[in-house]
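Taken in sequence, the protein lines are chains A and B.
Heads up, the first sequence is in my numbering, so the first residue is 443 and it goes up one at a time.
Heads up, the second sequence is in my numbering, so the first residue is 111 and it goes up one at a time.
Positions of the beta carbon are idealized from the N, C-alpha and C atoms, including for glycine.
First the structure, in the form of structure tokens, and then the observations on it.
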Amino acid sequence: MAAVQGGMVDAKDEADIKTEPASDGFGNNHANDSRLLSESPGSSAAAGNSKPAAGAPEDQQTLLAVLQFLRKNKLSESAEILRREAGLPEEVLDPKGADSAGSGLGGSADVDGGDASALLSRVTVPAPGGAKAPTKAGEDQPDVNVVLSAYSQQGDPALYQVYYNGLKKFIESVLDCHRAELSQVFYPLFVHMYLELVYNNHESEAKAFFERFSGDQECYYEDDLRILSGLTKKEHMRGNETLLDFRTSKFVLRISRDSYQLLKRHLQERQNNQIWNIIQEHLYIDIFDGMPRSKSQIDAMSGSLAGEAKREANKAKVYYGLLKEPEIELPLDDEDEEAENEEGKPKKKKPKKDSAGSKSKKQDPNAPSQTRIPLPELKDSDKLDKIMYMKESTKRIRLGPDNLPSICFYTFLNAYQGLTAVDVTDDSSLIAGGFADSTVRVWSVTPKKLRKVKTAADLNLIDKESDDVLERIMDDKTASESKCLYGHTGPVYGISFSPDRNYLLSSSEDGSVRLWSLLTFTCLVGYKGHNYPVWDTQFSPYGYYFVSGGHDRVARLWATDHHQPLRIFAGHLADVTCSRFHPNANYVATGSSDRAIRLWDVLTGNCVRILTGHKGPVHALAFSPNGKFLASGATDGRVLLWDIGHGLMVGELKGHTDTIYSLRFSRDGEILASGSMDNTVRLWDATKAFDDLETDDFTAATGHIHLQDNSQELLLGTYMTKSTPVIHLHFTRRNLLLAAGAYNP
Amino acid sequence: MAEERRQKQCSVSLPTESMKAMAESVGVGQLQEESCVALSEEVSYRIKEIAQDALKFMHHGKRRKLTTSDIDNALKLKNVEPLYGFQSQEFIPFRFASGGGRELHFYEEKEVDLSDIINTPLPRVPLDVSLKAHWLSIEGVQPSIPENPPPASKEQQKAESTEPLKVVKPGQEEKGAIQGKGQSTPAPDNKGKEKGLIRLKPRSTHELSVEQQLYYKEITEACVGSCEAKRAEALQSIATDPGLYQMLPRFSTFISEGVRVNVVQNNLALLIYLMRMVKALMDNPTLYLEKYLHELIPAVVTCIVSKQLCLRPDVDNHWALRDFAARLMAQSCKTFSTTTNNIQSRITKTLTKSLLDDKTQWTTRYGSIAGLAELGPDVIKTLILPRLTLEGARIKAVMEGPVVSNIDKIGAEHVQSLLLKHCASVIAKIRPQPDIAEQYRTDYGYLGPMLCSHVMKARTQAALQAQQVNRTTLTITQPRSTLSVSQSGLSGSGGPRTPSIIKVPSSLTLMSPRPGTPSQPSPPATKYIVMGTSSGAASTQQVITLSSSQSASPVTSTVPSATSTLQPLVKLEPGGGPGLTASRPLQKYIVVSLPSSASSLESKSSVLPTSISSAPVDGGIKLERSESPAASTQSPH
């Protein structure tokens, strides 16, 4: 990748001297292309941040886009190199050919999407990940022009207020059952009308319009309105991300057919073309048959930057079941018996294990096939760990409303407001903290101290055949309770232990994700791809893969042995603030500042769920251990519960008064713990929250959700810390809850 | 409100003057007005953009405060060079300067002498990050350890009492604090009956833990016991400990029952102790007392107006207790009176009623006047001043008429001095000068001439008054464990006295095991020092010597402690600006507060430097009038 970047830089230098005669023609073509994009976003060929298509075509499309970009910027040499390396035919460099190729590929979207082996092999193509990110800013530019020009058509600016007011009066006068639904139109309409005024240089009208009607908008749009209010000049509209989001993604509204007809009739009767045009061009109205929704139902689902999710977006099948773990069964019994015999406690736990084994043997109909995603093979040490896990889980405490977990709080003292991320290993033996001063620190919370592996010279001396070779390679002189890892050049915002405790991932403001070895306590790899701060990273539950998400609005899936991402999950309209793997490692959930949560299929790279309803940036996600549910927490202080299979909101937990930074289900999923900036840990009755659901009601799936306001019943406990925001929670294998945060005097 | 804010959002932008100032600072002399407008709009927009990005970094940094590094990171996102030199954990102070019609905010950059830095000793190395574990909760219950916050906040207590239907969650009902355990030294165990004394019937569902029961026992025993040091500790504990709310019902009952019994017993010392407990409870910021006012207020009022509070009303200084209780009352009126409970008006009514009654005894009369007077100058003006003539006549009848009884005479004397003390300052405020004794006599009758002299004193004092400290403490030094009369016989030894004053057969009775207490000899002398600030007067120290012998009358000496220290501070020199600063370079800001009534002084000096500053300001001394709290309120609380 470095080579590619270097090449680009060189090419740029040359481009200053040379001029490419074909560039004009290409510019036109690109404009055409983009127009095509806005008509049918699904078949986009130009921009990598458009709708994600299936694996291979996606790669190729991205490539094409990159090639086009290079050509447009007169970097023909780089383009040629890239083309040759990617093994693409000559004619892609021809603009017309590129266009047809792009759309053709777009049409045959999922040719070999199911081919699992392709997932790993495909990364050998060097270009997409590396070259794409640097081009991000460049790609935006032509887009902006197209986007903005859509606003150029205009009516009389003075009439905007009249139009809007007319519609407002109309909606206020319709029947109650339709009013709530039609009121949804206000906000997107308001924004687009305002932007139109600004674009056409009617600054004073725009201000007057804003002042008159901004107060009517729902309170949860306040943040966006604040951004809008600052935007009063046409020049500001270039490069404004919020604005771009608004235009590139159509605002989605779900409206029942009756209400929609009502609106349509009204607008046509009044000849109110201005508004009608906006509705047609900038809004996506998802019409459903059935009862109009009530205000509370709408409020529960709205709040996202781009409106609600389309219904089709959540229709894909999600295999939310867990993978069975067949390989472990046999060695497990053998080794466990051995272990027990050694301990002199023969066969005491045998019956229990059998039952556990038989349970996991049953194939969950909702589970993905075992080989859907190639998973790393289990090593002996992993198997030993599994055995430990099984043993521990037999000692697990059954939690419930009458049997609350004990909470052990790890306070980081003297952190000087610098603690930014915490993670705990699955077996709760290590705890790591990421700090604003770019360091990562690892503590051992067991008596076992942290030791480095001996130096290469010393390693040569030890007897490799001895049984305790793993013990011998460690250098006792380096034993200490904590170790500090230096390497990042900016605050460390995300941190994650690998399941086998050998590695640690950290993501930072400097745009890199680093992989650290916990044997040598050195950095092994720096994954560069994100060009902007990386907010979060997490290892897959089976190791090997990890996901990262950052300010560049994409989440990336990586494998530890590839320096470039395997998948780029693009679609969020703002920063990806947090990312979590599904327990079966086949899906990744990402939360974003656009106040939506997306679920991505790791295999195809498709977005399979869009969950809207949060009113602030999502900062915490947690999957239930059975893989069926997702909990999410945001700056609005609410925890929302989602049914993944149906893609519906199933619960809302109110109580926190500040951003929720951490969510965790207990090992058996009975209790949901949430930790927040408001210095509290709260425990919620997850069993009750999910048991009360009647999944049959979901058939309509039009968003007629009935949320009970039972937060108070579900809240099992609130535990204040003295002055310590809770930024991480972890259930040990025996269901003891560990919480962590930095004391903030 | 949100709407207003939002409307403001639209128009907020930097003033064009700032643009000009900045342009000048980089060498652009004349900037067109239009350019300034355009620039300010653009700059405002960009600043807002950066602030929004910086917020993201704050959120991800898991902080509530935006720091300069967040701004730097946000700038970095935009590919802008960060601002150097603004690294600070604390806020960065901006200075303000004006001159030549311009107003500027600037960041003060001092020139730093490198040799200074090199020569100063190195600061201590900041502590390294460390990890500490504690139990936040054990099986759903939060343990009361120093690492955890105090059990229940005031708001929570309020919520519990106002919305009792809300189910208490397991996390919220923690065990109370046991901090007091360490503070009060373990008293000898009183076996048997004494243990039963404190076991009150719980009125709420909260059970006290063993530690809490112990704590409660220790505290109550120390509060009414003989050892003053212990008592001070116990009161301190009540006033500061955060975890007492569960014991509050017990304390409240203890006090109300204690007062009831001891009023009957005329046990002055215990009543004082109990009032001090009330004071301590009121001082505790974590307690939600509103729930227990129905028990506490009657107890306090009893101590104000009861006919008899001590065994020898002619000798014992129950007046001090009445004053103290009256002050407590005023304080609780101030803190707890709302439109719904109307404490203040109800108390005022009660006190007025007893004041208006002709048959009221002198003691009660004293109490009601004290109680009313403490409620503030307005109350004095409307309720006491009109009655001055009447009261004067009554006092005159006792003082100059045939001697009825010594007790009445003492009572009348006290009422007289009380009236003079409280009314003088109020009259000084509302009555124009000059003060002529004859006029006063016609206006206020018998008390007139005395009032006149007091008013004059008050006027001069008010002028001299500097900042005052409002204090209401009642310190009672007891040389021996004596006031609790009956017990001295029991314990015998000089060791820690058994705190067996309290005996609860069915209700709480604070009494001796032996009934016939009066026979016991009173202690030779008990000294009460009452520190207090009354309205208008400088803080005084009253030393009241209580002698048990029949002949000795209470000696009350009032030491105006404030005047000696205050006088040198306040020097009024007409127009003596520079000279003054030169002569007293060390004095920084002396704030002299002048009540509006001190017109006499103002008339004398045309330029009155009410604040004297040593900092040389160009235009001479800055005149700054700041009213000290005491002067502005003129009420003790």
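Task: Proximity to B/A207 [Cα-Cα], best of B/A131, B/E510, B/V153 and B/I520 - done: Answer by Cα proximity: B/A131.
Task: B/P260 CB to nearest heavy atom of the ligand ZN below 8 angstroms - done: In terms of ligand content, the structure shown is empty, and the ligand ZN therefore cannot be addressed.
Task: Inter-residue Cα distance where the pair is A/D1110 and A/G936 - done: So the two alpha carbons sit approximately 26 angstroms from each other.
- [ ] Please check the pair A/L957 and A/S924, which I expect to be a contact at CB under 8 angstroms, by giving their CB distance rounded to whole angstroms.
- [x] Actually they are not in contact, since the Cβ atoms of A/L957 and A/S924 sit about 20 angstroms apart, beyond 8 angstroms.
Task: Buried or exposed (CB count within 10 angstroms, at least 16 for buried), B/F204 - done: It counts as exposed.
- [ ] Enumerate in chain order the residues of its own chain whose CB-to-CB distance from A/S800 is below 8 angstroms, with the five nearest sequence positions on each side excluded.
- [x] Note that A/S800 scores a pLDDT of 42, beneath 50, so its modelled location is shaky; the value from the coordinates is reported in the next line. In its own chain, leaving out the 5 sequence neighbours on each side, no residue places its CB closer than 8 angstroms to the CB of A/S800.
Task: Those residues which DSSP pairs with A/E1094 across a bridge - done: Answer is A/L1082, bridged to A/E1094.
TODO: Would you verify that the beta carbon of A/A1038 is, or is not, closer than 9 angstroms to some beta carbon of chain B?
DONE: So no, A/A1038 is outside the interface.
TODO: Could you name the residues of the region 844-856 of chain A whose beta carbon sits closer than 9 angstroms to any beta carbon of chain B, in the order they occur along the chain?
DONE: Residues passing the 9 angstroms Cβ filter: D844, N845, L846, P847, S848, I849, C850, F851, Y852, T853, F854, L855 and N856.
- [ ] Mark B/G211 as exposed unless 16 or more other C-beta atoms lie within 10 angstroms of its C-beta, in which case mark it buried.
- [x] Label assigned to B/G211: exposed.
Task: Segment contact flag, the region 939-957 of chain A with the region 146-153 of chain B, C-beta cutoff 8 angstroms, min 3 pairs - done: Contact fails: fewer than three Cβ-Cβ distances are below 8 angstroms.
- [ ] Report buried or exposed for A/K821, applying the criterion of at least 16 other Cβ atoms within 10 angstroms of its Cβ.
- [x] Under this definition A/K821 is an exposed residue.
TODO: Indicate whether the contact test is met: 3 or more Cβ pairs, each with one atom in the region 1093-1104 of chain A and one in the region 1153-1162 of chain A, closer than 8 angstroms.
DONE: Yes: at least three Cβ pairs fall under 8 angstroms.
Open item on the list: Quick check: is the beta carbon of B/A164 nearer than 9 angstroms to any beta carbon in chain A?
Closed with: Chain A, which has no Cβ nearer than 9 angstroms to the Cβ of B/A164, makes this no.
Open item on the list: DSSP three-state label for B/E213, please.
Closed with: B/E213: strand per DSSP, three-state reduction.
Task: Cβ of A/K675 within 9 angstroms of any chain B Cβ - done: Yes, A/K675 lies at the interface with chain B (some Cβ there is under 9 angstroms from its Cβ).
TODO: Closer than 8 angstroms by beta-carbon distance: list the chain B residues that pair up with A/I873, in chain order.
DONE: Here the neighbours are L241.
Open item on the list: Let's test the definition: count the other Cβ atoms within 10 Å of the Cβ of A/Q710 and tell me whether it reaches 16, buried, or not, exposed.
Closed with: Flag for A/Q710 reads exposed.
- [ ] May I have a chain-ordered list of the beta strand (DSSP E) segments no shorter than 3 residues that lie completely inside the region 676-733 of chain A?
- [x] Runs of the beta strand (DSSP E) inside the region 676-733 of chain A: 693-698 and 725-730.
- [ ] Taking all protein chains shown into account, decide if A/P1187 is buried (16 or more other Cβ within 10 angstroms of its Cβ) or exposed.
- [x] The C-beta of A/P1187 has fewer than 16 other C-beta atoms within 10 Å across all chains shown, which makes the residue exposed.
TODO: Please name the residue, chosen from A/Y945, A/I1010, A/D994 and A/V1050, that lies closest to A/T1002 on a Cα-to-Cα basis.
DONE: Residue A/Y945 is the option with its Cα nearest to A/T1002.
Open item on the list: Output needed for A/H993: all residues of its chain with C-beta closer than 6 angstroms, excluding positions within five of it in sequence on either side, in chain order.
Closed with: Excluding residues within five positions, the ones whose Cβ falls inside 6 angstroms are Y974, P975 and D1017.
- [ ] Measure the beta-carbon distance from A/W977 to B/H170 and round it to whole angstroms, keeping in mind my assumption that it falls under 8 angstroms.
- [x] Their Cβ separation, rounded to whole angstroms, is 6 angstroms, which keeps A/W977 and B/H170 in contact under 8 angstroms.
- [ ] For A/F1132, name the three-state secondary structure that DSSP assigns.
- [x] In the three-state DSSP reduction, A/F1132 falls in the helix class (H, G or I).
Task: Terminal residues of the alpha helix (DSSP H) in which A/L617 lies - done: First-last for A/L617: undefined, no H or E at that position.
Task: Sequence-distant residues of the same chain with beta carbon closer than 6 angstroms to B/Q323, five excluded per side - done: Correct list: empty, nothing qualifies.
Open item on the list: Give me, in chain order, the residues of the same chain whose beta-carbon lies closer than 6 angstroms to that of B/D433; leave out the 5 immediate sequence neighbours on both sides.
Closed with: Excluding positions up to five away in sequence, the list reads A480.
Task: Under 8 angstroms (Cβ pairs) to chain B, residues found in the region 915-932 of chain A - done: Those residues of the region 915-932 of chain A that come within reach of chain B (Cβ to Cβ, closer than 8 angstroms) are S924 and G932.
Open item on the list: For B/K372, count the other beta carbons within 10 Å of its own beta carbon; 16 or more makes it buried, fewer makes it exposed. Which is it?
Closed with: Lys is not the amino acid found at residue 372 of chain B; the sequence shown has Asn there. Label assigned to B/N372: buried.
Task: Cutoff 9 angstroms: A/E951 Cβ touching any chain B Cβ - done: Taking 9 angstroms as the threshold, the shortest C-beta distance from A/E951 to chain B falls below it.
Open item on the list: Going by beta-carbon coordinates alone, are A/T1032 and A/F1011 separated by less than 9 angstroms?
Closed with: Against a cut-off of 9 angstroms, the Cβ pair of A/F1011 and A/T1032 comes out as a contact.
Open item on the list: Tell me whether the region 422-430 of chain B and the region 439-459 of chain B touch, counting them as touching only if at least three CB pairs, one residue from each stretch, are closer than 8 angstroms.
Closed with: No, they do not touch.
- [ ] Identify the contact partners of B/R173 in chain A, using a Cβ-Cβ distance below 7 angstroms as the criterion.
- [x] Within chain A, the residues near B/R173 are Q859.
Open item on the list: Is there a Cβ of chain B sitting closer than 9 angstroms to that of A/H993, yes or no?
Closed with: Yes, A/H993 lies at the interface with chain B (some Cβ there is under 9 angstroms from its Cβ).
Open item on the list: Below 8 angstroms on C-beta distance, what does B/L246 contact in chain A?
Closed with: I849, C850, F851, V1123, Y1161, T1163 and A1181, listed in chain order.
Task: Cut-off 6 angstroms between Cβ atoms - residues of its own chain near B/C562, not counting five sequence neighbours on either side - done: D545, A547 and Y550, listed in sequence order.
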